[in-house]
Amino acid sequence: MFRLFQQTRQKLISKDQSGKAGYRKPAHSRAWEYLLYALGEILLVVIGILIAIQIDDWNQERIDRKALYEHLGKIRTHTLEDSYKLDSITMGRRYISGLCKQARVRILDKTEDEDLILFMQCGAAFADFSFKPNTGGYESLKNSPYFGRMNNTPLDSLLTQYNRLLDDLAQNERSYNEFVVGQEAYLSTQFDLSLILASAFVPQDSLMKRATPQSEYTEVFKAYTASAPYRNVISLAAWQLDQMVKQYGQLKATGQKVIEEIDAITQE
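For any residue, its number in our numbering is found by taking its place in the sequence shown, counting from 1, and adding 6.
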């Protein structure tokens, strides 16, 4: 097509310049040829513009895709980091839950005096900690112009599910920690914690050099672990920590699906 227009153009120019094109065609015929030539020139310009626009679109698409993949890469990295954190916190929660279940059985069987060490270990249920995910990658994508490209995709559904699980887990952990803090605050008004804290943090050989006999530490711990607030925490931990462990498992499984979906997208 380009060659045809070029030949027509050259022919018309040659005719005008040399005047050797045989007999002179009627004016209306020459006008038609010039019109055809003009239309061809316009068409060439339009085609050139369309090609340039298409190339720009391709370049922009490539730039947008690269930027989107960078956001997805961050989400993948953060989700993988969260998975490792979940492994660690699951292990801790499961261990504490197991201790509290044993203590609960002792309480129900009225044999708690036979295993004071177990009840002392259940003090770990008072630890105030929670899972802290890294949502920086997801928030960055949400605030970017590329977030709309994920609408109604499998990854969009997975990310929505993942963040909903995070919200549910945060609420569960918060309710537990707030209850524990309240019970611990009450206990601190009912007991002198100096011996309990010393037993927890001072090396045993150093304690043996002090004037306070071991029997006094034991009596303090018996009274402390027999108190209602202490046992309230044990009873709650025996149940609620198990629920958290289940949530950790659901979150980890969903996170793995997020990672797999991102891999599938970025490797296309």
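All residues carry an ideal CB built from backbone N, CA and C; glycine is no exception.
Predicted, not measured: the structure shown is a model, and the values here were computed from it.
| Query | Result |
| --- | --- |
| Under 6 Å Cβ to Cβ from Ala109, same chain only, skipping five residues before and after it: list those, please. | Leu124, Phe125, Cys128, Ile240 |
| Quick one: what does DSSP say Val52 is sitting in, helix, strand or coil? | helix |
| Alpha carbon to alpha carbon, how far is Leu161 from Glu267? Give it in angstroms, no decimals. | 6 Å |
| Would you mind working out which of Leu164, Tyr254, Ala176, Asp248 sits nearest Tyr90, comparing C-alpha positions? | Tyr254 |
| Compute the beta-carbon to beta-carbon distance between Asn178 and Gln262, rounded to the nearest angstrom, for a pair I have assumed lies under 8 Å. | Wrong, their Cβ atoms sit about 21 Å apart, outside the cutoff. |
| Apart from the five residues on each side of it in sequence, which residues of its chain come closer than 8 Å, Cβ to Cβ, to Gly142? | Lys80, His84 |
| Looking only at its chain, what residues have a beta carbon closer than 8 Å to the beta carbon of Ser233, apart from the 5 residues adjacent to it on each side? | Leu193, Gln196, Phe197 |
| Classify Glu75 as helix, strand or coil using the three-state DSSP reduction. | Before going further, note that residue 75 is Tyr rather than Glu in the sequence given. Helix. |
| Does the beta-carbon distance from Leu114 to Ala131 come in below 9 Å? | no |
| Can you give the beta carbon distance from Tyr168 to Ala73, rounded, assuming they're within the 8 Å contact cut? | About 22 Å separates the two Cβ atoms, so there is no contact after all. |
| I need the DSSP call for Leu86, collapsed to helix, strand or coil. | helix |
| Take the Cβ of Gln189 as the centre, count every other Cβ of all protein chains shown within 10 Å, and call the residue buried at 16 or more, exposed below. | buried |
| For Asp269, does the count of other Cβ atoms within 10 angstroms reach 16, so buried, or fall short, so exposed? | exposed |
| Using a Cβ-Cβ cut-off of 8 Å (strictly less than) and excluding sequence neighbours within five positions of Pro139, which residues of its own chain qualify? | His84, Asp88, Lys91, Leu172 |
| I think Leu86 touches Thr272, with their Cβ atoms under 8 Å apart; what is that distance to the nearest whole Å? | About 14 Å separates the two Cβ atoms, so there is no contact after all. |
| For Ala27, name the three-state secondary structure that DSSP assigns. | Only weak support is given to the placement of Ala27: the predicted model assigns it a pLDDT of 47, under 50, and the value that follows is read from those uncertain coordinates. Three-state result, Ala27: coil. |
| Within 10 angstroms of the Cβ of Ala27, are there 16 or more other Cβ atoms? Answer buried if so, exposed if not. | Interpretation of Ala27 is limited by its pLDDT of 47, a score under 50 that renders its predicted location unreliable; no figure is taken from the coordinates. |
| Kindly provide the ranges of any alpha helix (DSSP H) runs that are 4 or more residues long and lie completely inside the segment 95-143, ordered along the chain. | 122-127 |
| Would you mind reading off the limits of the alpha helix (DSSP H) that contains Asn178? | 160-196 |
| Which of the three DSSP states, helix, strand or coil, is assigned to Gln273? | coil |
| Taking Thr260 as the reference, give the member of Thr117, Arg100, Lys228, Thr166 with the closest Cα. | Thr166 |
| I'd like to know whether the C-beta atoms of Ala229 and Tyr182 end up nearer to each other than 9 Å. | no |
| Just reading off the alpha helix (DSSP H) that Ser200 is part of, what are its end residues? | 200-207 |
| When the Cα atoms are used, what is the spatial distance from Met112 to Glu118? | Checking the sequence shown, residue 112 turns out to be Arg, not Met. Each residue's Cα considered, the two are about 5 Å apart. |
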